[in-house]
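See below for the structure under consideration.
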Amino acid sequence: MPRLPAPETIGRYRVEAEVGRGGMGVVYRAFDPALRRRVAVKLIAPHLAEEPTLLARFQREAASAAQLRHPNIATVYEYGEHEGTPFIAFEWVEGRTLKALLADEAPLPLERALRLLEPIGAALDHAHARGVIHRDVKPGNILVGADDHPVIIDFGLAWLGSATALTASGSFFGTPRYMSPEQIQGLQVDGRSDLYSLAVILFEALAGEPPFDADTTPALLHKQLHSPPPRLRTLRADLPARVEAAVERGLAKDPQKRLPTAASLMQAMRAPPAGVERRRPRRWPVVLVAGAVGLTAIVCALGALSGATPESTPEATESAATATTGETLPPEPTEPLPSEPPSFPPPDPSGWWPMTGGDSTQMGAVYAGLGPLDANPRWIQPLDPDEVPTGLAAGGGLVFQGASRAAGGGMLRARLWETGELFWEAPLAGGVTAAPVLHATQSIFYAIVAVDTWELTAFDAAGTPVWNLGPDALLGHGAGGPVISPDGILYLATDTGLLHAIDPATGGVLATADLTGIDGFYFPPAVGGRTLALVGAQRTLTVVDRATLVPQWTATLGSDPSVPPVLLEGTDQVWSGTYDGVVEAWSLSTGELLWQFGAPSGIAGLSSDGGLVYVACGVGEVVALDPATGAVVWETHAEAQLASRPMSDGTAVALATLAGQVRFLEAATGTEVADRRLDLADPIGVNPAPAGGWLFVSGASGMYAFGPP
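Position one of the sequence shown corresponds to residue -3 (this note's numbering), numbered consecutively onward.
This is the structure in structure tokens:
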């Protein structure tokens, strides 16, 4: 763009210096006198502002980007106009670009490359879960500050480059070196396009050169579209084979062949914790029962999970015959599994809300009732700016929040739900991967969290650790977090393809199903009275018998799953949702595909109250489906992006939006009950937690408690 004199001010910001310019505009270092802080201000190129369609989309995308709150994403402070030209003000980061760092120092040691790019991957996953795609992930858009702290910039702006990518001469806007094949071809992109770009950067950081390069743009485009990347270990023989394999998969031309998240890509590159080896896939799954003596003890231990007998489950005998044995019997479950799914009592005002899968963050269905709430929060507690909340659970007068810390590690906090007062907090060696799960009996009350150091830890109501399962027991990363069944058995599925059944009272592993020959798992299982359902990274849907942990059937999904499955045994159906916006209904007993529904955008949430199936789409559409036929019963729009599951009690459906609202719809019609709306003005990215007539909500900057009126 023409080099004009820098303005003295842009909006309220005093311009100090020009720090960069390109086809989309000019970036200035500026000072905000109101808040007395330095900011970066990007003034959009005037020719882009002359196109009304582009300007309107810029406003929408900037608004979406402004809702992102993550320690590795440059915070957007303001969108405005300067003399008719749009500008965006965002966080100033002292440091240099990753492009400059790689030019000076690449190839990087593996640990440093991961230290720089794993947080960027977490930032991308955070954005993708909220329906925001970057579209221009490249070293020039990553700033590296003190202590190698990386921050990605230009969310909400990069799409402009793709919208105006081809000029009249046919040349590309910017460089296609980091663009995915689907983006080069002008196809619709999703978060997997950003992950391809991240894999290109990983290759460059480790090899010292990008996987694809050429003297001319056409030659480079041809390589990106048609040539396989060079083998990474031919350039860096010291790298482990797992790193080469993970990066190669990240560079797959077909988006469906890539790993679905940056977390799964990084996990595939990392070595297991010390002393733990990844399990090799086996052709057939095997059930491993911890510490059982002989076949009889094994079958009894499995039968204790569901009341099944060896005669009634012949598959159990075949699997148990090949199980490993130990020296002691496993701890028995705290309660036997009923023959029919239990009915749930109404909530105790001083207790927790019984859920189909232990809590609303896992199953998304609230059976105890979504009662009226005071629109004014009873209390608000600010969040630590260096933490990213990963989920809430509430019960017994306490609300629990798990978080991951930017500097590493994590935190679990318990607050008194009536006042918000901090009751206790527990620092953790790793980040909390999902919402805590609560386990309560007449004598105990535990909060259980999965940690990304391959651990599962239980705390009592006073914050004292009561048991811990480490890497040697889990043999994998429980990225989706645990889920608890209606009868009180804890389940954890790992990225290495294992499914553990655990006694939540003692931490004893009751049984482990080896499903490595089927898939690895990044979502929690859906748990019913007799069955479990899992979706895997290789686009599989598997239904497992709870009595034996033996798979009943496995089906292949059309694309990568974007949400955990949902099952209701009363309808004999299990439902899956994918990134490309397809909901599929399967027969729980046979695995037959019953119907498909094509949603307007990727599936951000899927749930059912037993009457209808509720589908939340990333860009804001909400659809209710008839589970028998897949027909649309009603559809509406939340007027904001969605990143969590609908919750329903059969009468009302609650939706949390990235615009910072909780909206209540009539379950039968989809009509909003406007006087029940809760306004936080703080983006909600994780599922709210209902308990005892209260609703607890985690925004990007605070935790909010809403009580009965």
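Think of the CB as a built atom: it goes at the ideal place given N, C-alpha and C, for glycine as much as any other residue.
Cβ-Cβ distance between residue i and residue j below 8 Å
{"i": "ALA431", "j": "TYR442", "result": "no"}
{"i": "THR490", "j": "GLY474", "result": "yes"}
{"i": "LEU494", "j": "LEU471", "result": "yes"}
{"i": "VAL11", "j": "PRO1", "result": "no"}
{"i": "GLY7", "j": "HIS78", "result": "yes"}
{"i": "ILE180", "j": "PRO135", "result": "no"}
{"i": "CYS613", "j": "GLY656", "result": "no"}
{"i": "ARG131", "j": "VAL185", "result": "yes"}
{"i": "PRO679", "j": "LEU654", "result": "yes"}
{"i": "TRP88", "j": "VAL147", "result": "no"}
{"i": "LEU139", "j": "LEU112", "result": "no"}
{"i": "GLY626", "j": "TRP591", "result": "yes"}
DSSP-derived helix/strand/coil call for residue i
{"i": "TYR575", "result": "coil"}
{"i": "GLN548", "result": "strand"}
{"i": "GLY566", "result": "helix"}
{"i": "THR437", "result": "coil"}
{"i": "ASN464", "result": "strand"}
{"i": "GLN657", "result": "strand"}
{"i": "HIS633", "result": "strand"}
{"i": "LYS38", "result": "strand"}
{"i": "PHE199", "result": "helix"}
{"i": "PRO3", "result": "coil"}
{"i": "HIS473", "result": "coil"}
{"i": "VAL239", "result": "helix"}
{"i": "ALA670", "result": "helix"}
{"i": "ALA639", "result": "coil"}
{"i": "ARG266", "result": "coil"}
{"i": "ASP622", "result": "coil"}
{"i": "TRP155", "result": "For TRP155, the pLDDT reaches just 47, beneath the cut-off of 50, and the residue's location in the model is therefore unreliable, although a value from the coordinates is still provided. Reduced to three states, the DSSP call for TRP155 is helix."}
{"i": "ILE485", "result": "coil"}
{"i": "ARG32", "result": "coil"}
{"i": "ASP234", "result": "coil"}
{"i": "SER193", "result": "helix"}
{"i": "LEU120", "result": "helix"}
Closest Cα partner of residue i within the set the options
{"i": "PRO105", "options": "PHE199, ALA507, THR667 and THR492", "result": "PHE199"}
{"i": "ALA399", "options": "GLY416, ALA446, PHE419 and PRO368", "result": "ALA446"}
{"i": "TRP582", "options": "LEU563, SER597, ALA2 and ILE599", "result": "LEU563"}
{"i": "TYR700", "options": "GLY427, ALA655, TRP375 and PRO67", "result": "TRP375"}
{"i": "VAL559", "options": "ALA109, THR81, PRO1 and HIS124", "result": "HIS124"}
{"i": "ALA242", "options": "PRO206, THR213, THR212 and TYR192", "result": "TYR192"}
{"i": "GLY607", "options": "TYR24, ASP568, GLU383 and THR429", "result": "ASP568"}
{"i": "ASP645", "options": "PRO557, VAL658 and ALA663", "result": "ALA663"}
{"i": "THR415", "options": "PHE702, GLY21, ARG126 and LEU39", "result": "PHE702"}
{"i": "PRO717", "options": "LEU676, PRO29, THR437 and THR71", "result": "Because the chain in this structure spans residues -3 to 705, residue 717 falls outside the shown range and cannot be described."}
{"i": "TYR487", "options": "GLY16, LEU255, ALA522 and SER694", "result": "ALA522"}
{"i": "PRO467", "options": "PRO478, ALA458 and GLU451", "result": "GLU451"}
Between the CA atoms of residue j and residue i - distance to the nearest angstrom
{"i": "PRO684", "j": "GLY516", "result": "28 Å"}
{"i": "VAL37", "j": "PRO561", "result": "43 Å"}
{"i": "GLY187", "j": "GLU178", "result": "12 Å"}
{"i": "LEU537", "j": "LEU621", "result": "20 Å"}
{"i": "LEU301", "j": "VAL546", "result": "Bear in mind that a pLDDT of 32 at LEU301, under 50, signals an unreliable position, so the number given afterwards is only what the model happens to contain. Each residue's Cα considered, the two are about 13 Å apart."}
{"i": "LEU602", "j": "VAL433", "result": "19 Å"}
{"i": "PRO82", "j": "GLY598", "result": "30 Å"}
{"i": "SER555", "j": "ASP250", "result": "11 Å"}
{"i": "PHE396", "j": "TRP420", "result": "10 Å"}
{"i": "LEU98", "j": "ALA529", "result": "44 Å"}
{"i": "ALA312", "j": "VAL540", "result": "Because ALA312 sits at a pLDDT of 31, beneath the cut-off of 50, its placement in the model cannot be relied upon, and the point is left open."}
{"i": "ALA297", "j": "VAL462", "result": "Its pLDDT being 32, under 50, ALA297 is placed unreliably in this model, and the value from its coordinates should be taken loosely. Their Cα atoms are separated by approximately 23 Å."}
{"i": "ARG32", "j": "PRO686", "result": "39 Å"}
{"i": "ASP344", "j": "ARG673", "result": "Unreliable positioning characterises ASP344 in this predicted model, as indicated by a pLDDT of 40, which lies under 50. The coordinate reading is nonetheless provided below. For ASP344 and ARG673, the distance between alpha carbons rounds to 24 Å."}
{"i": "ASP499", "j": "ILE485", "result": "6 Å"}
{"i": "THR386", "j": "VAL682", "result": "7 Å"}
{"i": "LEU584", "j": "PRO373", "result": "42 Å"}
Bridge partners - residue i, DSSP secondary structure assignment
{"i": "PHE424", "result": "Note that residue 424 is Leu in the sequence shown, not Phe. LEU424 is bridged to GLY406."}
{"i": "TYR73", "result": "Answer is none; TYR73 lacks a bridge partner."}
{"i": "GLU451", "result": "VAL447"}
{"i": "ASP456", "result": "TYR442"}
{"i": "ALA718", "result": "Because the chain is modelled from -3 through 705, residue 718 falls outside the range shown and cannot be assessed."}
{"i": "MET699", "result": "GLN377 and SER694"}
{"i": "VAL384", "result": "SER400"}
{"i": "ALA99", "result": "BP columns for ALA99 are empty, so no partner."}
{"i": "GLN252", "result": "Its beta-bridge partners do not exist; DSSP assigns none."}
{"i": "PRO686", "result": "LEU691"}
Distance cut-off 7 Å: residue i Cβ against heavy atoms of the ligand MN
{"i": "LEU564", "result": "No copy of the ligand MN occurs in the structure displayed, which carries no ligand at all."}
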